[in-house]
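Worksheet: one structure, shown below.
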Amino acid sequence: MYKMTQLIINSLNYNQILSNLLADNPSSKNFPENVLTRLITIIGMTSGLTLIEIVNLKWSDILAVDSRNRPKINKKYRIERHYEFPINAKLHNQLAIFYNYLNQPQLQTRIIDCYQESLTIETLLLRINITLGIKWINGIKKDVVVNYKNEQLLQILFGRRVMEVCGSTNKINTYLKWLFKLENNQQLFNFLGFKSKDDIHESISNISLIEDGRYAYLFGEPSSFLDDDKHFLSQNPTTNEFYTFQHFQVFYEFLNGVKIYKYNIVTQGIVILLLISLTNGIRLSTLLNLRWSDLFDINQDTFEIKLKKTITFNKKELLFHYSVLKKILFYFENAMKYFGFNGVKISGEDSLSFQQQTPNLELPVFITNRGNRLVRNSLNRELKKALNGLDFQHTDKFALESTLIMYGRRIIELKGIHRPTLRLLKKRLNFRTTLELFKFLEIDEQKGNDGQIMKEFESVHDHILYNK
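Per the numbering used here, residue 55 is the first one in the sequence shown, and the count goes up by one each step.
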């Protein structure tokens, strides 16, 4: 692989690019050529099809129009290949919006024919480079954006995503070699920019756990592999004890709905503690050792405090959903005021500014009402006290492991019996076997929805879209 391509693929953030492409922008309808380029980029990053195959797709290969003139997305792209290319539910809403923004072209019209003027592949590649944000990569000169032309770039991003989500297995490798017309595994690794199998970064932190408006399933529901009606209000038939958890999304929405400015600094910290544990699968007691320097970097010259790009704590990666990060920034600002650093203010989506007095980032993140680090021996007491103060209805049933159970069950709900994900989940929650893991999560492997045997997504195209 060329050095420039390696630099580009190592720098681009698949999650961020896709989130931006799927975020609706009504002003886009005034720029139809940008809409078309975004459409092509989305299809390329999520299908693995060649650029030539994508631009030659007809609208009828993507969607139909019902009697009320509403676009209805097909279940799969209609393309002559010996393999089906599903159109994931997460894409349906945005694909339909793009079609409407383009004034609903004739269904037999090719995508490339929708451009207002004749378009060469070279010009299209330049537009894709801009859409991907290549010009913002450090170390790349502006003229590179103009001169860099790689028809396989979207395929490379797709293939790397598949490897990072599904791992390098015989089944995955065989499929990708067929898709990219490669002969052996080493050719595949070279094509995707990996030195070897060991160079592939698999992370359970990349799974999209939270449902929010950014991914509206207006044209299809995401698959759910686990819905066994177990929660705080139901009892275990074997022990007759109430379960110590509820659905991940229900508890997340409760915590996210808390207006933390109404509460004291200890309760604010407990809310943040629960959110980080719930969304990252790390024990509450382990997180008590967090210091602000684990999360933020400080720049004395610019008076800026910024969230670290990569956060590793206790040998585990931490990622924050934007709604969680917003609360963390607010809590950090209040915690600094509590310790006398009054000049700290939120200045951006992941940053704060400060004045002459430099905040102490070595302070503990979670504290008592005396300003000391919250410790394990008092955690349960402070936790119950805070939940009662927040009017949480199930405080008596809540346990220190509740967030871990909700986290693990949510992953199984979204991914099913997906062996690479199960392996990562066992490592995250410190279990050796799937049987031990499922016992902890109160899951019967043979009973998913309606008592049916639990399965997984049938294609890699679904797996990669249910990861961030």
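For glycine and all other residues, C-beta sits at the position ideal for the given N, C-alpha and C.
Relative to the C-alpha of residue i, which candidate in the options has its C-alpha closest?
{"i": "Glu138", "options": "Asn239, Ser114 and Lys130", "result": "Lys130"}
{"i": "Gly335", "options": "Phe367, His285 and Asn201", "result": "Phe367"}
{"i": "Gln70", "options": "Gln162, Glu265 and Thr185", "result": "Thr185"}
{"i": "Glu107", "options": "Ile165, Ser407 and Ser401", "result": "Ile165"}
{"i": "Ile258", "options": "Arg464, Leu495 and Arg427", "result": "Arg464"}
{"i": "Phe154", "options": "Gln410, Gln447 and Lys83", "result": "This sequence places Asn at residue 154; Phe is not what is there. Residue Lys83 is the option with its Cα nearest to Asn154."}
{"i": "Lys362", "options": "Gly443, His375, Leu329 and Asp348", "result": "Asp348"}
{"i": "Ser513", "options": "Glu218, Asn183, Tyr229 and Glu295", "result": "Tyr229"}
{"i": "Ala150", "options": "Asp78, Thr412 and Val109", "result": "Asp78"}
{"i": "Lys126", "options": "Leu180, Glu237, Asp351 and Asn147", "result": "Asn147"}
{"i": "Arg435", "options": "Ser278, Leu454, Pro418 and His448", "result": "Leu454"}
{"i": "Ser172", "options": "Val219, Thr223, Val109 and Lys195", "result": "Val109"}
{"i": "Arg92", "options": "Gly102, Leu103 and Asn74", "result": "Asn74"}
{"i": "Phe302", "options": "Tyr392, Leu495 and Phe485", "result": "Leu495"}
{"i": "Val27", "options": "Val378, Phe248, Pro80 and Leu103", "result": "With the chain running from 55 to 522 in the structure shown, residue 27 is simply not present."}
{"i": "Asp197", "options": "Thr321, Leu180 and Lys481", "result": "Leu180"}
{"i": "Asp252", "options": "Ser222, Asp281, Asn227 and Leu233", "result": "Ser222"}
{"i": "Ser101", "options": "Leu479, Lys144, Lys225 and Leu61", "result": "Lys144"}
{"i": "Trp190", "options": "Leu61, Phe279 and Glu256", "result": "Leu61"}
{"i": "Thr333", "options": "Phe212, Phe305 and Lys439", "result": "Phe305"}
{"i": "Ile116", "options": "Leu105, Arg124 and Asn128", "result": "Asn128"}
Would you call residue i buried or exposed, if buried means 16 or more other Cβ atoms sit within 10 Å of its Cβ?
{"i": "His472", "result": "buried"}
{"i": "Asn201", "result": "exposed"}
{"i": "Val89", "result": "buried"}
{"i": "Lys469", "result": "buried"}
{"i": "Tyr56", "result": "exposed"}
{"i": "Phe245", "result": "buried"}
{"i": "His515", "result": "buried"}
{"i": "Glu134", "result": "exposed"}
{"i": "Asn353", "result": "exposed"}
{"i": "Gly193", "result": "exposed"}
{"i": "Asp120", "result": "exposed"}
{"i": "Phe85", "result": "exposed"}
{"i": "Ser456", "result": "buried"}
{"i": "Asn227", "result": "buried"}
In angstroms, rounded to a whole number, what distance separates the CA positions of residue i and residue j?
{"i": "Val216", "j": "Phe492", "result": "26 Å"}
{"i": "Ile518", "j": "Leu458", "result": "23 Å"}
{"i": "Phe299", "j": "Phe420", "result": "23 Å"}
{"i": "Glu205", "j": "Thr59", "result": "11 Å"}
{"i": "Leu432", "j": "Leu342", "result": "A small fix is needed here, since residue 432 is Ser in this sequence, not Leu. Cα-Cα distance, rounded: 11 Å."}
{"i": "Ile359", "j": "Leu437", "result": "29 Å"}
{"i": "Arg214", "j": "Asn442", "result": "46 Å"}
{"i": "Gly274", "j": "Glu387", "result": "Residue placement at Gly274 is flagged as unreliable, the pLDDT there being 39, under the threshold of 50; the coordinate-derived value follows with that caveat. Distance between the alpha carbons of Gly274 and Glu387 is about 40 Å."}
{"i": "Met99", "j": "Leu208", "result": "5 Å"}
{"i": "Gln409", "j": "Trp113", "result": "55 Å"}
{"i": "Leu329", "j": "Arg424", "result": "23 Å"}
{"i": "Ile96", "j": "Asn142", "result": "11 Å"}
{"i": "Gly462", "j": "Gly394", "result": "39 Å"}
{"i": "Met460", "j": "Ser262", "result": "14 Å"}
{"i": "Arg122", "j": "Gln162", "result": "19 Å"}
{"i": "Arg268", "j": "Asp498", "result": "Note that Arg268 scores 49 on pLDDT, short of 50, meaning its location in the model is unreliable and no value can be drawn from it."}
{"i": "Thr177", "j": "Leu242", "result": "28 Å"}
{"i": "His136", "j": "Lys231", "result": "14 Å"}
{"i": "Leu272", "j": "Thr422", "result": "Residue confidence is low: Leu272 scores 36 on pLDDT, short of 50, so the model does not pin down where it sits. No coordinate-derived value is stated."}
{"i": "Asn484", "j": "Lys370", "result": "12 Å"}
{"i": "Leu103", "j": "Asn239", "result": "20 Å"}
{"i": "Ala270", "j": "Leu76", "result": "In this predicted model, Ala270 has a pLDDT of only 40, less than 50, meaning its place in the structure is not dependable; the value taken from the coordinates is given anyway. Each residue's Cα considered, the two are about 10 Å apart."}
{"i": "Arg430", "j": "Ser339", "result": "6 Å"}
{"i": "Ala389", "j": "Asn224", "result": "50 Å"}
{"i": "Tyr392", "j": "Phe374", "result": "24 Å"}
{"i": "Ile182", "j": "Tyr376", "result": "26 Å"}
{"i": "Gln411", "j": "Leu428", "result": "25 Å"}
{"i": "Glu307", "j": "Tyr169", "result": "43 Å"}
{"i": "Gly187", "j": "Leu66", "result": "8 Å"}
{"i": "Lys451", "j": "Leu489", "result": "24 Å"}
{"i": "Arg345", "j": "Asn318", "result": "19 Å"}
{"i": "Glu237", "j": "Ser250", "result": "16 Å"}
With DSSP as the reference, please indicate the residues paired to residue i in a beta bridge.
{"i": "Gln289", "result": "Phe296"}
{"i": "Leu406", "result": "Ile359 and Ile400"}
{"i": "Phe350", "result": "Leu361"}
{"i": "Leu372", "result": "Ile365"}
{"i": "Gly193", "result": "Its beta-bridge partners do not exist; DSSP assigns none."}
{"i": "Gly470", "result": "Glu510"}
{"i": "Ile421", "result": "Arg427"}
{"i": "Arg164", "result": "Lys112"}
Which ranges does the beta strand (DSSP E) cover as unbroken runs of at least 3 residues, wholly within the segment 82-150, from first to last along the chain? Restricted to the segment 82-150, the beta strand (DSSP E) segments that are unbroken, complete and at least 3 residues in length are 117-119 and 125-127, listed in chain order.
Sequence ranges, alpha helix (DSSP H) only - wholly within the segment 424-467, length at least 4: Within the segment 424-467, the complete alpha helix (DSSP H) runs of at least 4 residues fall at 430-443.
What are the start and end residues of each continuous alpha helix (DSSP H) run of 4 or more residues lying completely inside the segment 305-345, in chain order? Taking only runs of at least 4 residues, the alpha helix (DSSP H) segments lying wholly in the segment 305-345 are 319-334 and 338-341.
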